[in-house]
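Structure first, commentary second.
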Amino acid sequence: MISKITYTIKKYSFLLRQLVSRDFKVKYKRSVLGVLWSLLYPVLTMSVMALVFSNMFKMSMPNVNYLVYLMTGLVIFNYFSEASNLAMSSVVGNFSLINKVYMPKYIFPVSKCLFVGINFLLTLIPLYAIIFLTGTGITWHHILLPYAFICLLMFTLGMGFILSAVSVFLRDMFYIYGVVITLWTYMTPIMYDVAIIPEKFMFIFKCNPLYWIVKFVRDIVIYHAVPTLNVWIYCGICGLVFLVIGMVIFKKTQDKFIYYV
Amino acid sequence: MEKDNDIMINADNISMRFNLGIEKGFSLKQGFIDLFHPKKRKEKKKNKNEFWALKDVSFKVKKGEVVGFIGSNGAGKSTLLKVIAGVMKPTKGHVNSYGNICPMIELGAGFDPQLTARENIYLNGAVMGYSKELLDSKFDEIVEFSELKDFLDVPVQNFSSGMVARLAFSIATIVEPEILIVDEILSVGDIAFQAKSEAKMMSMINGGTTVLYVSHSIEAIKKLCDKVIWIEHGVVQKIGGKEVCDDYLNYVNN
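These protein sequence lines map, in sequence, to chains W and P.
In terms of numbering that gives the first Met the number 0, the first sequence opens at residue 0 and continues consecutively.
In terms of numbering that gives the first Met the number 0, the second sequence opens at residue 0 and continues consecutively.
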């Protein structure tokens, strides 16, 4: 079993790398600034949001730099939203390949999640620049961050598997998910302080895996604290559970894809 | 008695069912419209027949054999090749193949039109299951065979269809697979390239590769194949030598 898995990984890692690099090349083909956009784009969109929310809505938080608060939330959420969206259309979009050559179909959502993952790592550069410039300071706690990133990747992969499988059978998913993701943006405390939420609605937030991941990252980046044990556990469970559910759904349905596309 | 290790492909009672109702897809809009046409809905249900693209197809292919598949359009030949290549899973029965398969079902399926020829060689090679080392070592050979040296850094979307086909053929045939699945591609490129690709195919066949070949050109089948399988409406009509071609021609002409 394990030898079979390592064999598959070895055999298809080259294909995976090729698919990821294809996405990268195609994305920046013919743009003058090229890969620089990976840095510029998040900085510019975040500046717009920061401008709007801190000046127009007078959003601010006691003892917390709002810019850093906003950016940590945005970096995490943007990764999830972009990766899950691309993963969702990856199976339908690559149908001409699936129909002609044998290859494991999970490679498409996985490659999208990794491709956006590289972009995500690039957006950490402007994030750290802002942490540095605002004098938020960097402590040893930052070495705990990869745990949150791995949980985020697992959660996104799981969602990617579920969405890409479901969208094969139900094309309406593309539109439904567009609405869902908009709702999700506002249901995750990205631009506002979670303290403004009445206690009776907090359970909705606590069901949201992204809430826990964002909380984990902010505890470290903004409050320089080790997240409490329950935050660690919720992040891990959300990642694992969604990944397993996604894998099961994908595996169960993948042989039927060919009839529906 | 045949020795088991001589058998490269063993197709055992493969059946492939397509549900024509499913293939059309379900949409809420259609469901809503049907709501007001109860009659039509009933008809539709009746028409929602299953379509068997393949019915109990069994055959064995021995090592080094060149097998031709003939039959009318929609007889199930391409479906059969896809099942053998592992692209589709048969509804019933199973296929065992013993050896690496190179499916040349539709060439250039993995090309990204925005990438250059150079980038596409690696991408398409990866899609075909080649390793990076192999592609590095065979890169020059691919370029030379395709005769596209001057266009290596041009995006494939600017290629003519003949150029795309030449590139795809060159990538697909760079390894000598144990089983080669060919779906009518010998007519690739211009006349000079056709001759070249045919010579390449012949050398692969003579080199002991097992070939599954689908074509509507009875002449090509007669020239290349030792064994001919005639399929009609998903059912094997006849398996035999070249004489099957004549039976098929008789059937078509009547």
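Beta carbons are placed, not taken as given, at the ideal position from N, Cα and C, and that holds for glycine.
For this session: Report yes or no: do the region 229 to 237 of chain W and the region 107 to 120 of chain W share at least 3 C-beta pairs separated by less than 8 Å?
Result: Cβ pair count under 8 Å is below three, so no.
Problem set entry | Cutoff 7 Å; reference residue 45 of chain P; Cβ partners in own chain excluding five residues on either side | Stepping through the second sequence from its first residue, residue 45 of chain P is reached at position 46. Only weak support is given to the placement of residue 45 of chain P: the predicted model assigns it a pLDDT of 49, under 50, and the value that follows is read from those uncertain coordinates. Nothing meets the Cβ criterion.
Exercise. In whole angstroms, what is the alpha-carbon distance linking residue 119 of chain P and residue 149 of chain W?
Worked result: Within the second sequence, the letter at position 120 stands for residue 119 of chain P. Within the first sequence, the letter at position 150 stands for residue 149 of chain W. If you take the alpha carbons of residue 119 of chain P and residue 149 of chain W, they lie about 32 Å apart.
For this session: Quick one: which unbroken alpha helix (DSSP H) runs of 4-plus residues sit fully inside the region 153 to 194 of chain W? Chain order, please.
Result: Complete alpha helix (DSSP H) runs here, min 4: 172 to 186.
Exercise. Which residues bound the beta strand (DSSP E) around residue 207 of chain P?
Worked result: As a working mapping, residue 207 of chain P is identified with position 208 in the second sequence. For residue 207 of chain P, there is no enclosing beta strand (DSSP E), since its DSSP letter is neither H nor E.
Exercise. Just curious, the beta strand (DSSP E) that residue 111 of chain W is in, first and last residue?
Worked result: Here residue 111 of chain W refers to the residue found at position 112 of the first sequence. Careful: residue 111 of chain W lies outside any beta strand (DSSP E), inside the alpha helix (DSSP H) at 106 to 132.
Exercise. Can you tell me whether residue 22 of chain P is buried or exposed, with buried defined as 16 or more other CB within 10 angstroms of its CB?
Worked result: Counted from its first residue, the second sequence places residue 22 of chain P at position 23. Low confidence applies here, because residue 22 of chain P scores a pLDDT of 48, under 50, leaving its location unreliable; read the following figure in that light. Residue 22 of chain P is exposed by the Cβ-count criterion.
Exercise. Are the C-beta of residue 92 of chain P and some C-beta of chain A separated by less than 8 Å?
Worked result: No chain A is part of this structure, whose protein chains are labelled W and P.
For this session: Please work out which residues of its chain come closer than 7 Å, Cβ to Cβ, to residue 115 of chain W, disregarding the five sequence neighbours upstream and downstream, and give them in chain order.
Result: Here the question's residue 115 of chain W lines up with position 116 in the first sequence. Cβ neighbours of residue 115 of chain W beyond the five flanking positions: 78, 81, 82, 85.
Exercise. From residue 155 of chain P to residue 116 of chain P, what does the alpha carbon distance come to, in whole angstroms?
Worked result: Position 156 of the second sequence, counted from the start, is the residue given in the question as residue 155 of chain P. Position 117 of the second sequence, counted from the start, is the residue given in the question as residue 116 of chain P. Taking C-alpha positions only, residue 155 of chain P is separated from residue 116 of chain P by approximately 6 Å.
Exercise. Of all the CB atoms in chain W, is at least one closer than 8 Å to the CB of residue 77 of chain P?
Worked result: Walking along the second sequence from the start, residue 77 of chain P turns up at place 78. Taking 8 Å as the threshold, the shortest C-beta distance from residue 77 of chain P to chain W does not fall below it.
For this session: Would you mind stating whether residue 213 of chain P and residue 76 of chain P have Cβ atoms separated by less than 8 Å?
Result: What you label residue 213 of chain P is simply residue 214 of the second sequence in a count that begins at 1. What you label residue 76 of chain P is simply residue 77 of the second sequence in a count that begins at 1. Taking 8 Å as the Cβ cut-off, residue 213 of chain P and residue 76 of chain P qualify as a contacting pair.
Problem set entry | Cβ neighbours of residue 152 of chain W in the same chain (closer than 8 Å, five flanking residues each side left out) | Reading the first sequence from its first residue, position 153 is the one you call residue 152 of chain W. The residues are 112, 116, 238.
Exercise. If you pair each beta-carbon of the region 115 to 132 of chain W with each one of the region 243 to 255 of chain W, do three or more pairs fall below 8 Å?
Worked result: Not touching, per the Cβ criterion.
Problem set entry | Span of the alpha helix (DSSP H), counted from its first residue to its last, around residue 162 of chain P | Residue mapping note: residue 162 of chain P aligns to position 163 of the second sequence, counting from 1. Counting along the chain, the alpha helix (DSSP H) containing residue 162 of chain P begins and ends at 160 to 171.
Exercise. Which one of P:81, P:160, P:177, P:166 has the shortest CA to CA distance from residue 139 of chain P?
Worked result: Taking the first residue of the second sequence as 1, we reach residue 139 of chain P at position 140. It is P:166 whose Cα lies nearest to the Cα of residue 139 of chain P.
Exercise. Any idea what DSSP makes of residue 180 of chain P, helix, strand or coil?
Worked result: Working through the second sequence from its first residue, we reach residue 180 of chain P at position 181. Taken through DSSP and simplified to helix, strand or coil, residue 180 of chain P comes out as strand.
Exercise. Going by beta carbon distance, what residues of the same chain come within less than 6 Å of residue 1 of chain P, once the five residues before and after it are set aside?
Worked result: Position 2 of the second sequence, counted from the start, is the residue given in the question as residue 1 of chain P. Because the pLDDT of residue 1 of chain P is 48, which lies under 50, any placement of that residue in the model is unreliable, and the question is left without a value.
Problem set entry | Members of the region 77 to 93 of chain W near chain P, C-beta cut-off 7 Å | For the region 77 to 93 of chain W, which is checked against every Cβ of chain P, not one residue is closer than 7 Å.
Problem set entry | Range of the contiguous alpha helix (DSSP H) that encloses residue 152 of chain P | Residue 152 of chain P sits at position 153 when you count from the first residue of the second sequence. If you look at residue 152 of chain P, you'll find it isn't in any alpha helix (DSSP H); DSSP assigns it neither H nor E.
Exercise. According to a CB-to-CB cut-off of less than 7 Å, which residues of the region 28 to 50 of chain W neighbour chain P?
Worked result: Within the region 28 to 50 of chain W, 28 place their CB atoms closer than 7 Å to a CB of chain P, listed in sequence order.
For this session: List the residues of chain P that residue 98 of chain W touches, going by C-beta distances under 7 Å, in chain order.
Result: Translated into positions along the first sequence, residue 98 of chain W becomes position 99. Result: 86.
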